[in-house]
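K.L.:
Please read through the structure below; I'll follow up with questions.
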Amino acid sequence: MYDYVKAIHIIFVVCWMAGLFYSVRLFIYHTEAQDKPEPDRTILSKQFEIIERKLWNIITIPSMYLTIAAGTTMLILKPIWLQFGWMHIKLTFVVALVIYHFICQNKIKQMRNGVFKWTSIQLRLWNEVATIFLFAIVFLVVLKSALNWIFGVLGLVSLAVILMIAVKIYKRYREKK
Numbered sequence: 001m002y003d004y005v006k007a008i009h010i011i012f013v014v015c016w017m018a019g020l021f022y023s024v025r026l027f028i029y030h031t032e033a034q035d036k037p038e039p040d041r042t043i044l045s046k047q048f049e050i051i052e053r054k055l056w057n058i059i060t061i062p063s064m065y066l067t068i069a070a071g072t073t074m075l076i077l078k079p080i081w082l083q084f085g086w087m088h089i090k091l092t093f094v095v096a097l098v099i100y101h102f103i104c105q106n107k108i109k110q111m112r113n114g115v116f117k118w119t120s121i122q123l124r125l126w127n128e129v130a131t132i133f134l135f136a137i138v139f140l141v142v143l144k145s146a147l148n149w150i151f152g153v154l155g156l157v158s159l160a161v162i163l164m165i166a167v168k169i170y171k172r173y174r175e176k177k
């Protein structure tokens, strides 16, 4: 039974992360559409609102809840996992990912109401936050080690720096075009 639940958990983690990654990518395009002249701005905004709503409500939200349900079921089936430090750290990252999810949900509502507080560059960096959470969670689960936490933090910080540099390089590339 445990392996079936684990398979379901992995499948819906993939779906949830895909929804988060693509949603923030849509936020970037939606924000950039605000720089277009009318009627393009209105047409694009309405289309992005439809796509964002469908992606969020049909894929991202259900996948988050199914991920959490399957993860909780695995912990019920094997409560011994809760005795390990790496699991506590992993669950902390999962809570942070859920918070990230709800911040994204708030962004959808803001954009639907015509409020665009973040620039496309800020959204590009925001998109990398989910990548960092994903790396941290996967490495913790695969390595099952909280002892290497210092190396893990250094690795995550290095990854974050590399991603930020990549975003800045991409920004310069776009500005040259």
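Residue numbers for the sequence shown follow the numbering used here, beginning at 1 and rising by one.
Just so it is clear, CB atoms sit at the ideal spot from N, CA and C, and this is done for glycine as well.
1) Please list, in chain order, all residues of the same chain as Ala70 whose beta carbon is under 7 Å from its beta carbon, the five residues on each side excluded.
2) Quick check: what's the CA-CA separation for Cys104 versus Lys144?
3) Would Tyr29 and Lys78 qualify as a contact pair, given that the criterion is a beta-carbon distance under 8 Å?
4) If I measure Cβ to Cβ from Arg174 and keep anything under 7 Å in the same chain, skipping five residues before and after, which residues do I get?
5) Can you list, in chain order, the residues of its chain with a C-beta nearer than 8 Å to that of Ala160? Leave out the 5 residues immediately preceding and following it.
6) Could you check the C-alpha separation between Val157 and Asp35 for me, to the nearest Å?
7) Tell me whether Glu38 is buried or exposed, calling it buried when 16 or more other Cβ atoms sit within 10 Å of its Cβ.
8) For Glu38, does the three-state DSSP call read helix, strand or coil?
9) Out of curiosity, what's the CA-to-CA distance linking Lys107 and Leu75?
10) Measure from the alpha carbon of Thr67 to the alpha carbon of each residue in Val14, Ile58, Met87 and Leu140, then state which is nearest.
11) Go ahead and pull the three-state DSSP assignment for Met1.
P.N.:
If we stick to the structure as given:
1) Val5, Ile8, His9 and Phe12
2) 29 Å
3) no
4) No residues qualify anywhere along the chain.
5) Correct list, in chain order: Glu128 and Ile132.
6) 33 Å
7) exposed
8) Secondary structure at Glu38: coil, using DSSP grouped into helix, strand and coil.
9) 32 Å
10) Val14
11) coil
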